[in-house]
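J.:
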Amino acid sequence: MPDYENILYEKQRGGVLITLNRPEVMNAISDELNHELHTAFEEADADPEVRAIVLTGAGRAFSAGYDIQGGDQGGFVWPYGLPEGKSIAEVIDDWRNRSWNVEHGGLMHAWDIQTPIIAAVSGWCMGGGSWYAMTSHISMAAEDAVFGQVEVRMISDDSFMWVQNGGYKDVLRYALTGDHIDAQEAYRMGLVYKVLPDKETLLEESFQLVERIALVSPETVKINLSVATQGLNVMGLRNAIRYNAELAAAVLTSQREDFRRPLEQAREEGGLRGFIRKRDEPFQPEPFGPRSRKE
Numbered sequence: 020m021p022d023y024e025n026i027l028y029e030k031q032r033g034g035v036l037i038t039l040n041r042p043e044v045m046n047a048i049s050d051e052l053n054h055e056l057h058t059a060f061e062e063a064d065a066d067p068e069v070r071a072i073v074l075t076g077a078g079r080a081f082s083a084g085y086d087i088q089g090g091d092q093g094g095f096v097w098p099y100g101l102p103e104g105k106s107i108a109e110v111i112d113d114w115r116n117r118s119w120n121v122e123h124g125g126l127m128h129a130w131d132i133q134t135p136i137i138a139a140v141s142g143w144c145m146g147g148g149s150w151y152a153m154t155s156h157i158s159m160a161a162e163d164a165v166f167g168q169v170e171v172r173m174i175s176d177d178s179f180m181w182v183q184n185g186g187y188k189d190v191l192r193y194a195l196t197g198d199h200i201d202a203q204e205a206y207r208m209g210l211v212y213k214v215l216p217d218k219e220t221l222l223e224e225s226f227q228l229v230e231r232i233a234l235v236s237p238e239t240v241k242i243n244l245s246v247a248t249q250g251l252n253v254m255g256l257r258n259a260i261r262y263n264a265e266l267a268a269a270v271l272t273s274q275r276e277d278f279r280r281p282l283e284q285a286r287e288e289g290g291l292r293g294f295i296r297k298r299d300e301p302f303q304p305e306p307f308g309p310r311s312r313k314e
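With my numbering, the residue at position 190 of the sequence shown is 209, and numbering never jumps.
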């Protein structure tokens, strides 16, 4: 068994509980955590004793998304927002590779796992964290869950997986603004199939489902999961995610000084907290969730 440092891997009740375990940074997805998560998916998928995977987060978040603690690609040189010493061609190529190999392609790796993945979402579920919740084969939420693609507010991409789950009209309302969605709104949109009162109940419900899945023969589960996942791939889902990664490189390279430079200045003066405050202040009050009223 691999020696995990950023996740917890606990076999139980016919399945495995994989917990994103960086609670001090709200389970932000570092490259190390991302690598360990996919290693854990592979380990579970190869283990005949694991009939389903429950994915959750430690502490007060499922995940705050991809880790932006250190900035992007070494900082910005204005007026075009390019990393120092790099050409526009190099920057686009870097983002194309990362967007597919680390982010959107990583989601497809989870999507293609033959063992059902159940996302048990409690607390903050933002950005790339929400992408994993949307990509999981089944998603449930505790009442305190808050979803959002807030990265669009700092010139970044959203995920087609939101559209796949929640529908074009509903999702665009939030994808174009980065606004928060509470658990009940996520349920209404179809982003989760059930809302539970708290995390303890959520995990219990998740493992009750694991136990019911384990009553069906494993080959049948694998094939019927593939009916859904590969059927959607045949209909074009994989191509949509691949194109998503290509467009991600375009938006991440399209840094406007008037929009992004004030955020980086706020980071220099107040760290990550200052960056997030500057990014989100104009959008207060949020439509849903714990920040739905002005402070």
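Note that the Cβ used here is the ideal one computed from N, Cα and C, for glycine as well.
So M208 is in the alpha helix (DSSP H); what residue range does that whole segment cover?
T.: 202-208
J.: Mark T239 as exposed unless 16 or more other C-beta atoms lie within 10 angstroms of its C-beta, in which case mark it buried.
T.: exposed
J.: To test your reading of the DSSP string, which unbroken beta strand (DSSP E) runs of 3 or more residues are found completely within the segment 211-257?
T.: 213-215
J.: Are at least three pairs of beta-carbons, each pair with one atom in the segment 137-153 and one in the segment 284-298, less than 8 Å apart?
T.: no
J.: List, from N- to C-terminal side, the beta strand (DSSP E) runs of 3 residues or more that fit wholly inside the segment 166-192.
T.: The qualifying runs do not exist here; there are none.
J.: Please list the segments of the alpha helix (DSSP H) lying wholly inside the segment 37-104, counting only runs of 4 or more residues, in order along the chain.
T.: 50-65
J.: I need the boundaries of the alpha helix (DSSP H) containing S149, first residue and last residue.
T.: 146-154
J.: Considering only the alpha carbon of each residue, which of F307, A80, F302 lies closest to I48?
T.: A80
J.: Kindly give me the distance between the Cβ atoms of I174 and H156, rounded to whole angstroms, as I take these residues to be in contact under 8 Å.
T.: Not a contact, Cβ separation roughly 31 Å.
J.: Based on Cα-Cα distance, which residue from H57, D112, D22, N46 lies nearest to G76?
T.: N46
J.: The beta strand (DSSP E) with A138 in it runs from where to where?
T.: Run containing A138: 136-140, per the beta strand (DSSP E) assignment.
J.: Anyone know if the C-beta pair for V110 and D50 falls short of 9 Å?
T.: 9 Å or more divides the Cβ of V110 from the Cβ of D50.
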